[in-house]
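Numbering (UniProt numbering), first residue to last: 1 to 114. Beta carbons are placed, not taken as given, at the ideal position from N, Cα and C, and that holds for glycine. Just so we're clear, the structure is a prediction, and the values are computed from it rather than from any experiment. Below is one structure, written out as structure tokens, with a few remarks after it.
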């Protein structure tokens, strides 16, 4: 089923950027198993925090240093005792677990999806 069509201007309003995961911590107060991430989006945007329900497919150790794609222009969102500042993107696998959206080759942190 195809979603409602959007305009190019609608798409341009979504600020999708590449960042490198700096730290990963357990998030015991989350309703569903999650990590607390800090992600470096380069000089223009800086370091942002995100909550991500990716504990099934990823260990904390394998996430550090990985580049991910995130929406950086959502309002901050309170999740339990944590303030999420960006939305790290991903796709559900056949079990409903999240597989992160990444880049094929390394690009500068803060690079915008074009």
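* Asked: Any idea what DSSP makes of residue 44, helix, strand or coil?
  -> Here the question's residue 44 lines up with position 44 in the chain shown. Note: residue 44 maps to helix in three-state DSSP.
* Asked: Measuring CB to CB, does residue 76 end up less than 8 Å from residue 35?
  -> Locating residue 76 in the chain shown gives position 76, counting from the first residue. Locating residue 35 in the chain shown gives position 35, counting from the first residue. For residue 76 and residue 35, no; Cβs fall outside 8 Å.
* Asked: Which same chain residues, not among the five before or five after residue 88, have their C-beta less than 6 Å away from its C-beta?
  -> Here residue 88 refers to the residue found at position 88 when the chain shown is read from its first residue. For residue 88, where only same-chain residues beyond five positions count, the Cβ hits under 6 Å are 50, 52, 68 and 70.
* To do: Taking 8 Å as the cut-off, decide whether the C-beta atoms of residue 37 and residue 47 are in contact.
  => Taking the first residue of the chain shown as 1, we reach residue 37 at position 37. Taking the first residue of the chain shown as 1, we reach residue 47 at position 47. In this structure, residue 47 does not lie closer than 8 Å to residue 37 by Cβ.
* Would you check if the distance between the CB atom of residue 96 and the CB atom of residue 41 is smaller than 8 Å? => Taking the first residue of the chain shown as 1, we reach residue 96 at position 96. Taking the first residue of the chain shown as 1, we reach residue 41 at position 41. Taking 8 Å as the Cβ cut-off, residue 96 and residue 41 do not qualify as a contacting pair.
* Asked: Short check: CB of residue 64 to CB of residue 23, under 8 Å?
  -> Locating residue 64 in the chain shown gives position 64, counting from the first residue. Locating residue 23 in the chain shown gives position 23, counting from the first residue. Residue 64 is a Cβ neighbour of residue 23, given a cutoff of 8 Å.
* Asked: Measuring CA to CA, which of 62, 9, 100 and 33 is closest to residue 114?
  -> The residue you call residue 114 lines up with position 114 of the chain shown. With distances taken between Cα atoms, residue 114 lies closest to 9.
* To do: Please determine, among 58, 18, 55 and 31, the residue with the shortest C-alpha to C-alpha distance to residue 105.
  => As a working note, residue 105 is residue 105 in the chain shown. Of the candidates 58, 18, 55 and 31, the one whose C-alpha sits nearest the C-alpha of residue 105 is 18.
* To do: Return the first residue and the last residue of the beta strand (DSSP E) that residue 70 is part of.
  => Looking up residue 70 in the chain shown gives position 70. Residue 70 -> beta strand (DSSP E) spans 67-71.
* Which residues in the same chain have their Cβ closer than 8 Å to the Cβ of residue 39, if we skip the five residues on either side of it in sequence? -> Here the question's residue 39 lines up with position 39 in the chain shown. Excluding sequence neighbours, residue 39 sits near 19, 20, 21, 22, 47, 48, 49, 50, 68, 70, 86 and 88.
* Asked: Which runs of the beta strand (DSSP E) spanning at least 3 residues fall entirely within the UniProt domain "TRNA-binding" (10-114), listed in chain order?
  -> 16-26, 35-40, 47-52, 67-71, 77-79, 82-84, 90-92 and 98-100
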